[in-house]
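Taking UniProt numbering, I'd label the letters of the sequence shown as residues 1 to 125. Using N, Cα and C, we set each Cβ at its ideal position, and we do this for glycine too. Bear in mind that the values here come from a model prediction, so they are computed numbers and not experimental data. Below is one structure; the comments refer to it alone.
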Amino acid sequence: MDKTTLFYTEDHEWIQLVDEHTARIGISDHAVEQLGDIVYVELPDVDDELDAEDEAGNIESVKSTSEIFTPVAGTVTAVNEDLEDEPEKVNEDPYALGWIFEIKSDDAIDTSAFLTYEQYQEHIG
């Protein structure tokens with residue numbers, strides 16, 4: 001996956017548009033570097049209804065626990081169940097193997113609220 005085509009949040013989530021109403025969410029490689037070895041991922045439940053910026057789950061690493069926030073309001077339509085038994089997939093490839101969940105919005109997703117790859121790189125310095 002080309003991470004330069006994704007959108008990002010200041011909280012280090014990435015957003016991939018699956019279609020105009022559905023987004024796949026994960027955490028950036030920068031977040032993974034900060035967390036270290038990930039040992040547990042708490043996933044949201046399919047059919048959970050979330051508002052933008054709601055906590056959708058947690059990631060535990062050998063260093064700390066970090067919340068996963070949803071940048072998009074909607075209903076969770078899929079979760080990466082592989083992470084329940086293999087949370088290290090987030091470390092291995094946070095953009096392909098380590099995606100966390102998909103969420104479907106009633107409205108078309110407005111990407112103007114997110115950072116582009118270049119803006120995110122400036123944000124993390």
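Counting along the chain, where does the beta strand (DSSP E) carrying S17 start and finish? Here residue 17 refers to the residue found at position 17 of the sequence shown. Note that residue 17 is Leu in the sequence shown here, rather than Ser. Run containing L17: 13 to 19, per the beta strand (DSSP E) assignment.
Anyone know if the C-beta pair for I68 and A56 falls short of 9 Å? As a working note, residue 68 is residue 68 in the sequence shown. As a working note, residue 56 is residue 56 in the sequence shown. Against a cut-off of 9 Å, the Cβ pair of A56 and I68 comes out as a contact.
Please state whether DSSP places T77 in a helix, a strand or coil. The count along the sequence shown starts at 1 and reaches residue 77 at position 77. Strand at T77.
Under 9 Å, do A108 and H21 count as touching if we go by C-beta distance? Here residue 108 refers to the residue found at position 108 of the sequence shown. Here residue 21 refers to the residue found at position 21 of the sequence shown. Contact: yes.
If we call anything under 9 Å between Cβ atoms a contact, is S105 one with G125?
If you number the sequence shown from 1, residue 105 lands on position 105. If you number the sequence shown from 1, residue 125 lands on position 125. Their beta carbons are not under 9 Å apart, which means S105 does not touch G125 by this criterion.
ask   = So what does L50 bridge to, in DSSP terms?
value = As a first step, residue 50 is located in the sequence shown; it is residue number 50 there, counting from the start. Partner(s): G74.
Exercise for the section: Could you tell me the boundaries of the beta strand (DSSP E) in which A23 lies? Expected result: The count along the sequence shown starts at 1 and reaches residue 23 at position 23. It spans 22 to 27 - the beta strand (DSSP E) in which A23 sits, taken as one unbroken run.
Is it buried or exposed, T9, if we count other Cβ atoms within 10 angstroms and call 16 or more buried? Position 9 of the sequence shown holds residue 9. Per the 10 Å Cβ criterion, buried.
- Message: I need the straight-line Cα distance from L17 to P87, nearest angstrom please.
- Response: Start at 1 with the first residue of the sequence shown, and residue 17 comes out as number 17. Start at 1 with the first residue of the sequence shown, and residue 87 comes out as number 87. Cα to Cα, the separation comes out at about 23 Å.
inquiry  = Please report the distance separating the alpha-carbon of F7 from that of E102.
reply    = Working through the sequence shown from its first residue, we reach residue 7 at position 7. Working through the sequence shown from its first residue, we reach residue 102 at position 102. Near 14 Å, if we compare the C-alpha coordinates of E102 and F7.
Candidates Y40, V62, I15, of which the one nearest D82 by Cα
In the sequence shown, counting from the first residue as 1, residue 82 sits at position 82. Checking every option, the nearest Cα to that of D82 belongs to Y40.
Residue environment, A31, which counts as buried when at least 16 other CB atoms sit within 10 Å:
Reading the sequence shown from its first residue, position 31 is the one you call residue 31. Buried, since its Cβ has 16 or more Cβ neighbours within 10 Å.
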